[in-house]
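I have placed the structure first, in the form of C-alpha cells, so that the comments after it can refer back to it.
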Amino acid sequence: MLPVIAILGRPNVGKSTLFNQLTRSRDALVADQPGLTRDRQYGFGKVGPRPSIVIDTGGITGEAAGIDALMLKQSMKALEEAGAAIFVVDGRAGLTADDERIAAELRKSGKPVWLAVNKAEGMPGEIVAAEFHALGLAEPRTISAAHGQGVAAMMEDVLAHFPEDDAAPAEDDGKRVRVAVIGRPNVGKSTLINRLIGEERLVAFDQPGTTRDAVAVPFERDGAKYTLVDTAGVRRKSRVNEAIEKFSIVKTLQAIEEASVAIVVFDAREGITDQDASLAGLAVERGRAVVLAVNKWDKLPPEQRDRVKVEVDLRLPFLSFARLHYISALHGTGVGDLLGAVQEAHAAAMRELSTAELTRTLEEAVTVHQPPLVRGRRIKLRYAHQGGKRPPVIVIHGNQTERVPDAYRRFLENRFRERFDLYGTPVRIEFRTGENPFKGRRNTLTPRQIQKKKRLMKHYRKRK
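Each residue of the sequence shown is one higher than the last, beginning at 290 in the working numbering.
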C-alpha cells in the first residue's frame, strides 16, 4: 500500500504550500463529508524515492473549545488515516504556545512525526531550528515549501520509515485483471459490483468512527478472471437507508494505485460534480485505464438526461478517450457491456507497440500536419518508440522538441490512439531532443574546400 502522510500545523505556516510542492499541483481532491468544518485535501505525493498519499489539513491551534476544537478533531482524523505526520511550524515567527499544544496532541497519537521548520530560506538553518527542539519531537528539518529547499531530503527520511511496498500486483499471475470501482458515496458502486458478480456478496457495514477497508471480490466471467475492488465496501440492506455513508478517500486512492482499470461511477440524478471530476482525474494522473458508468439512468426525464450529457462534455473533456456507458446497476440495464469495455481498456493499456509502426505513424502524422515553426526553424520529429506500458508511453525523438505546443501533442496522441486502438487508456507522449552531432566540432573542411566556399560566397554577393 502507498504510504499515507498527514500535514498538520497551525494556520498560515505553509501547510498547503508544502502539499502543493509534494503533489506538484495547485489543486486536489477535497473530502466533502458532512460535518467537516475545514476540508481535508488528498493527493498523490511525487517527491521522494516512491509515490505516496498526502493529506493537507486545516490550520489548528490546539484550543480545547469552539471551532478550534472541531478543527483539531478533523486534523486528528487525518492523522488516524495516515502512517506518519509532518508537523509544519513557521521558522520566521518562532515557537508559539499553539505549536506546543499541537505537539502535545501529536505525541499522544503515537504516530511518527517529522518536524518541518518552514520559511527558512535565506536564514541560518541551525539558528532557525534551535528553539523548536523544545517541542520534544524529531530533529527539526529546515525547509522552504515555497522554493522546495530541503523538501526532497526530508521526504527521503519520511518515506524510509515505511516498509517496502509489497501490495499485490495489478494482475494476479498475469491473468487476473484488477478493477477499482470508484466514485462518491451512494452513487451505486456496491450495487454495481453485486450486479456484475450476480449475487449479494459480503460483508461489512459501517460503525460510527471506524474506517472501512476496500473489499476485493474475485470472480470469473466468460473465461476471463477479474478482481473487483469496492472502495466503499458492500453494505448490509439494513444499513442502506442511512443518511451518511463513511467514505475513505485514502482507501480509494490506494485502490486506484493497485488497479489496472478504474470504473468511475457517477450518479445521473445528481449530475457530474467537482468531486466526480477530481476522482476521475486522479485515476488518469496515475495512468490507469478508465471506464465511465453513469448510473441511475433509468426513469430519468429526457431533459435531465440531456443536462447530464452536457455536464459530461463540460466537466470531463480529459476523459474523451474513455468508453462511456449509461446504466442502471439496480435493474441491470447496460451493465452487461461494462466488462467488455474493461477488457478493451486493459488490453490497450498493456499493448506492445513496434518501433517501426510507431515511426511510420509519426511520419504520416507529420506529412498531414507539420509541426509549427519556432524562430524560423521547423521542429523536426524523426522517430518514435515505446517507452512503457500501463499506460502506453510513446517516446518521440527530434530537435527542438521542448517547444512542441500542447495542441500538437494532442494531435499526435489522437493519431497514435486511432492507429493502435488505444481507447480506454491514457497515452503519454514524451519528447526527447538529441544532441547535435557536430556541436563543438572544429571545421573539418580541407583548405581547398574552404577556398572554394569563399569563392562561391564572393560570387553570390556580387550577383546580389
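By construction, the Cβ of each residue, glycine as well, lies at the ideal position given by its N, Cα and C atoms. Since the model is a prediction, treat every value here as computed from it, not as a measurement.
Buried versus exposed call for residue i [16 or more other C-beta atoms within 10 Å across all chains shown]
i	result
H782	Outside the shown range of the chain, which is 290 to 753, sits residue 782, and nothing can be said about it.
R754	No statement about residue 754 is possible, as the shown extent of the chain runs from 290 to 753 and does not include it.
G487	exposed
S364	buried
P429	buried
N584	buried
L609	For the sequence presented, residue 609 should be read as Ser rather than Leu. The residue is exposed, with fewer than 16 neighbouring Cβ atoms inside 10 Å.
G425	exposed
T644	exposed
A449	exposed
V573	buried
P681	buried
E415	exposed
I545	buried
Residue span of the alpha helix (DSSP H) that contains residue i, given as start and end
i	result
I545	I538 to E547
N301	Looking at the DSSP string, N301 is not in any alpha helix (DSSP H), and its letter there is neither H nor E.
S609	Run containing S609: none; DSSP gives neither H nor E here.
S341	It is not in any alpha helix (DSSP H) - S341 instead sits in the beta strand (DSSP E) that spans S341 to D345.
D511	Counting along the chain, D511 falls outside any alpha helix (DSSP H), and DSSP gives it neither H nor E.
R396	A386 to S398
F709	D695 to F709
V378	Run containing V378: none in the alpha helix (DSSP H); it sits in the beta strand (DSSP E), A373 to D379.
L628	L627 to A638
I482	K478 to I486
A643	First, the residue type needs correcting, since residue 643 is Ser and not Ala in the sequence shown. No alpha helix (DSSP H) contains S643, which DSSP labels as neither H nor E.
A409	First-last for A409: undefined, no H or E at that position.
Beta-carbon contacts of residue i that lie in its chain and below 8 Å, excluding the five residues immediately before and after
i	result
Q593	A557 and R558
Q659	R667
V655	L670
W586	A557, R594, Y615, I616, S617, T622 and G623
Where the beta strand (DSSP E) containing residue i begins and where it ends
i	result
Q675	K669 to G677
D556	V550 to D556
G687	V682 to N688
V716	Note, V716: premise wrong, no beta strand (DSSP E); not H, not E.
A618	First-last for A618: undefined, no H or E at that position.
V293	V293 to L297
Nearest-angstrom Cα separation, counted from residue j out to residue i
i	j	result
W403	E394	14 Å
K741	T690	35 Å
G372	A566	27 Å
L619	F555	14 Å
Q438	I552	39 Å
F709	G576	17 Å
D626	R604	24 Å
K743	R737	10 Å
V504	D519	5 Å
A582	G472	10 Å
G687	I718	13 Å
G347	V440	20 Å
F700	T714	16 Å
R664	V693	13 Å
L374	L297	Sequence check: residue 374 is Ala here, not Leu. Approximately 7 Å between the Cα atoms of the pair.
M443	G512	48 Å
E600	P606	10 Å
S305	N483	39 Å
P507	E547	14 Å
T480	L628	15 Å
T650	A611	22 Å
G477	Y712	25 Å
E445	A405	13 Å
K598	Y331	28 Å
L589	R596	11 Å
H422	A696	52 Å
Q280	A578	Beyond the ends of the chain as shown, which are 290 and 753, falls residue 280; an answer cannot be given.
Other residues of its chain near residue i: CB distance less than 6 Å, five sequence neighbours each side excluded
i	result
L542	I342
N309	R315
R313	K335
R730	Summary for R730: the model assigns pLDDT 49, below 50, so the residue's position carries little reliability, and this model does not support an answer.
R465	K514 and T516
R339	L448
Contact set for residue i: own chain, Cβ-Cβ below 7 Å, skip 5 residues either direction
i	result
N725	Because the pLDDT of N725 is 47, which lies under 50, any placement of that residue in the model is unreliable, and the question is left without a value.
G383	E420
K408	G303, D379, G380, R381 and S433
F451	P292 and G372
R679	S549, G576, A638 and M639
E410	S433, H436 and Q438
Residue(s) in a DSSP beta bridge with residue i
i	result
L517	V468 and V506
W403	I375
R315	DSSP lists no partner for R315.
N584	D556
G334	S341
L662	R667
Q438	S433
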